[in-house]
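Taking it in order: structure first as structure tokens, then the write-up.
Protein chains: 2
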Amino acid sequence: MTASAPLVEVTRGLSVESRHTGAVAIADVTGKLVFSLGDAERLTFPRSGVKALQGLPLVESGAAARFGLTEAELALACASHGGEPEHVATAAGALARLGLTADALECGAHWPMNDAAARALAASGAGPTTLHNNCSGKHAGFLCLACAMEVEPAGYIDAEHPVQREVTAALEAMTGTRLAEAPRGVDGCGIPTFAMPLAAVATAFARFGAGHGLGEHRAAAARTLREAAWSAPFQIGGSGRFDTEAMQLGAGRVFVKMGAEGVHVGAIPELGYGVAIKIDDGATRAAEAVMAAVLIRLLAPEGDFGEWLAGRVRRPLRNWAGVEVGEVRATELLAG
Amino acid sequence: MTASAPLVEVTRGLSVESRHTGAVAIADVTGKLVFSLGDAERLTFPRSGVKALQGLPLVESGAAARFGLTEAELALACASHGGEPEHVATAAGALARLGLTADALECGAHWPMNDAAARALAASGAGPTTLHNNCSGKHAGFLCLACAMEVEPAGYIDAEHPVQREVTAALEAMTGTRLAEAPRGVDGCGIPTFAMPLAAVATAFARFGAGHGLGEHRAAAARTLREAAWSAPFQIGGSGRFDTEAMQLGAGRVFVKMGAEGVHVGAIPELGYGVAIKIDDGATRAAEAVMAAVLIRLLAPEGDFGEWLAGRVRRPLRNWAGVEVGEVRATELLAG
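Protein chains in written order, with the UniProt record's numbering: chain A, 1 to 336; chain B, 1 to 336.
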């Protein structure tokens, strides 16, 4: 098996201008690969792709219920959001339930990822805070878990903090991996990230989506998070974002989430399948095209969802004057 | 020869998280390859990498001198600028010499590529104009040429307009290619872009840098444009940009210019070499690391320039809290 497969082409005129390679793993709840391209066992940092798995302890511990987190707040805990006003308000609201403010967040501040939101923030005369960090919802969830565990919240991003131990244990159980000796890095928001086989990530999302093999308690938590995302898909990403639009149109059918450096994961409950994608070079544009092609291959949805996916499998590129100059397209390898 | 070489790794912790492949061609003024990685003959859209070549007719026709373009305005004609206030003022100044305004530019409007400039513009209550387009200086140059040729400026971006015919003829002569049957696309700013062998682009920049084989008139024009870039390197890119910093520190020794989709080109007059780089996936971060490694390989400069290049061959990645989490680094294939 080759390590990498040609997954996406970027065209200009009638020529291919750029190419993206990578790997795709689609697994069932038992861990059996039902489809793959490239090396499905490659070690991959799943980055923000696994935020929903990192959110399981928040729900199954009873912390979310104890502090009365809303569906929007739970969706934001699984999000890489654009820092739009709705996201900022939701993060602030979750912290307020804990009696905390943005000062408690250890994710760092950055300008909103959504360009229009960044410009509007600048126009207001204000600057970015930790609430605008795309991970602020996940971090508010970590703080909620710390409060419910009655441990000192400060330092909650450290690998040895009780919160991260719970989060890592959930990742291990869901992926069926042992992470103690796994290659480790620091994620963009400061928490540990572990390299794991791509197929193990796919298996975890098969389980997350179908609830099989998790035990009643964890299966209920997974359902709560899925339903939160489907109820409040804007919180997961924001304006124009792939995951938000996919779950607005595919609510109940697909859970999808991007991660940095060309990661995309998905759960398809009705099939009991999980999907994990890694683009070698880290390109989001390519990961999205591949996810769209995978969802068409597996579900062939009709209507608005199907049309939207088709437009993401082959996405037109326009120049600054609005002229169509090429497209980003998944290769035929991904066709059903 | 393999089509692509492993050129850049992106690490997280001790692991390689993402990889970039591509091709490098280094040629002399005769077109002889002196070094290559990957397929040096691959057809490549050089995009904005060839703006300096597209600027030759502006100078050699006498148009720039007739309208009194400054060195800053000539540098901006070769630029992919950040839309910072200095760039906008320079573009407006060049148009004013022609009795024209931003309305004459056909490049389209976009928010400044420089994030801080975009936010400052939004904070001022204004929006982007064609002057903020990263190609506005090149387009002002096209208009200057049209005025000097005494042809109708409107439509100057069309392949059949007298301005584009001059520009294409200069590209053909510099690269030694015939572009009539070359794969063609529309560039981000609306003008034609032609796919050509990477080695031909490298040869063109060897000639551009050394002035050999161009005839006296064109050689003088190339020197004028090189010296404009070295005199006003901020205009070429802007704050924090690779090309600007490289020419601030390496003025007189290197001319470098990025292009969209992972293109980078360079001229090294003292060696008579030209460089052309294409990253398969289109990543700028990778093209910059490769160019830095190539310049160290060829010049091994000491002092500030050498230190700056070393910091670009291995560039630390920091997360939002400022913690170093990995690096972007050129592979050993590029070491001398």
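Every residue, glycine too, gets a C-beta built ideally from N, C-alpha and C.
- With burial defined as no fewer than 16 other Cβ atoms inside 10 Å of the residue's Cβ, what is the status of aspartate 281/A: buried or exposed? buried
- Query: Alpha carbon to alpha carbon, how far is serine 124/A from leucine 121/B?
  - Reply: Rounded to whole angstroms, serine 124/A to leucine 121/B spans 12 angstroms at the Cα level.
- Message: Quick check on DSSP: helix, strand or coil for phenylalanine 194/B?
- Response: strand
- Message: For a contact defined as C-beta to C-beta under 7 angstroms, what are the partners of asparagine 133/B on chain A?
- Response: Against chain A, the beta carbon of asparagine 133/B has neighbours under 7 angstroms at Trp320, listed in chain order.
- Message: In the DSSP output, which residue or residues are listed as bridge partners for threonine 21/A?
- Response: Pro6/A
- Task: Could you have a look at leucine 100/B and say whether DSSP puts it in helix, strand or coil?
- Result: In this structure, leucine 100/B counts as coil in the three-state DSSP scheme.
- Query: With respect to 8 angstroms, is the separation between the Cβ of tryptophan 111/A and the closest non-hydrogen atom of the ligand FAD below this value?
  - Reply: The ligand FAD is absent from the structure shown, which contains no ligands of any kind.
- Task: Could you tell me which of Glu60/A, Ala300/A and Gly322/A sits nearest to leucine 334/A, measuring between CA atoms?
- Result: Ala300/A
- Message: Let's see if you can read the secondary structure: which residues bound the alpha helix (DSSP H) around glycine 266/B?
- Response: Premise fails: glycine 266/B lies in the beta strand (DSSP E), 263–268, not in any alpha helix (DSSP H).
- Query: Taking DSSP as the reference, what is the three-state secondary structure of methionine 291/B?
  - Reply: helix
- Query: Should methionine 1/A be flagged as near chain B, meaning a C-beta pair shorter than 9 angstroms?
  - Reply: Caution is warranted here: a pLDDT of 43 is assigned to methionine 1/A, below 50, making its placement in the model unreliable, and no coordinate value can be reported.
- Got a sec? Which residues, its chain only, sit under 7 angstroms from arginine 315/B by beta carbon, not counting five neighbours each side? Ala289, Glu327 and Val328
- Item | Nearest to proline 162/B (by Cα), restricted to the options Leu145/B, Arg178/B and Glu172/B | Leu145/B
- Message: If we define contact as Cβ-Cβ less than 9 angstroms, is isoleucine 279/B a contact residue for chain A?
- Response: yes
- Query: Ordered along the chain, which non-local residues of its own chain (more than five positions away) have a Cβ less than 7 angstroms from that of methionine 1/B?
  - Reply: Only weak support exists for where methionine 1/B lies, its pLDDT of 43 falling under 50; the coordinates are left without a value.
- Which stretch, first to last residue, makes up the beta strand (DSSP E) that contains phenylalanine 255/A? 255–259
- Can you name, in chain order, every residue of its own chain whose Cβ lies under 6 angstroms from the Cβ of phenylalanine 194/A, other than the five neighbours on each side? Leu179, Ala182 and Arg184
- Message: Against chain B, which members of the segment 16–27 of chain A pass a CB distance test of less than 7 angstroms?
- Response: Glu17, Ser18, Arg19 and His20
- Item | Reduced DSSP secondary structure (H/G/I, E/B, other) of serine 48/A | In the structure shown, serine 48/A falls within a helical segment according to DSSP collapsed to helix, strand and coil.
- Does any residue of chain B bring its CB to less than 9 angstroms from the CB of proline 183/A? yes
- When Cβ atoms are compared, which residues of the segment 242–269 of chain A fall closer than 8 angstroms to chain D? This model lacks chain D altogether; the protein chains it does include are A and B.
- Item | Below-9 angstroms beta-carbon distance, leucine 100/A vs any chain B residue | no
- Whose C-alpha, out of Leu214/A, Leu249/A, Ala219/A and Gly240/A, is nearest the C-alpha of tryptophan 230/A? With distances taken between Cα atoms, tryptophan 230/A lies closest to Leu249/A.
- Item | glutamate 227/A vs glutamate 71/A beta-carbon contact at 9 angstroms | In terms of Cβ geometry, glutamate 227/A and glutamate 71/A form a close pair [threshold 9 angstroms].
- Show which residues of chain A have a CB atom less than 7 angstroms away from the CB atom of methionine 83/B. It should be pointed out that residue 83/B corresponds to glycine in this sequence rather than to methionine. Against chain A, a Cβ distance below 7 angstroms from glycine 83/B picks out nothing, because the smallest value is about 12 angstroms.
- Interface residues of chain B around alanine 148/A at Cβ under 8 angstroms? Under the 8 angstroms cutoff, chain B gives no residues; its nearest Cβ is about 25 angstroms from alanine 148/A.
- Got a sec? Which residues, its chain only, sit under 7 angstroms from alanine 91/B by beta carbon, not counting five neighbours each side? Leu76, Leu131, Ser136, Gly137 and Ala140
- Task: Would you kindly work out how many angstroms separate the C-alpha atoms of glycine 240/B and phenylalanine 255/B, rounded to a whole number?
- Result: When the Cα atoms are used, glycine 240/B and phenylalanine 255/B turn out to be separated by approximately 17 angstroms.
- Message: Looking at tryptophan 257/A: is its Cβ nearer than 9 angstroms to the Cβ of glycine 31/A?
- Response: One detail in the question is off: residue 257/A reads as lysine in this sequence, not tryptophan. Not a contact, by the Cβ cut-off of 9 angstroms.
- Status (buried if at least 16 other CB within 10 Å, exposed otherwise) for histidine 20/A: buried
- Of the residues Arg165/B, Gly176/B and Ile157/B, the one placed nearest valine 323/A, counting alpha carbons only: Ile157/B
- Item | Where leucine 14/A meets chain B, residues with beta-carbon distance less than 7 angstroms | Pro183
- Just the C-alpha distance for alanine 117/B and proline 85/B, rounded to the nearest angstrom, thanks. 8 angstroms
- Message: Looking only at its chain, what residues have a beta carbon closer than 6 angstroms to the beta carbon of phenylalanine 35/B, apart from the 5 residues adjacent to it on each side?
- Response: Ile26
- Apart from the five residues on each side of it in sequence, which residues of its chain come closer than 7 angstroms, Cβ to Cβ, to valine 313/B? Ala289, Ala292, Ala293, Ile296, Arg329 and Ala330
- Query: Going by beta carbon distance, what residues of the same chain come within less than 6 angstroms of histidine 217/A, once the five residues before and after it are set aside?
  - Reply: Correct list, in chain order: Glu60.
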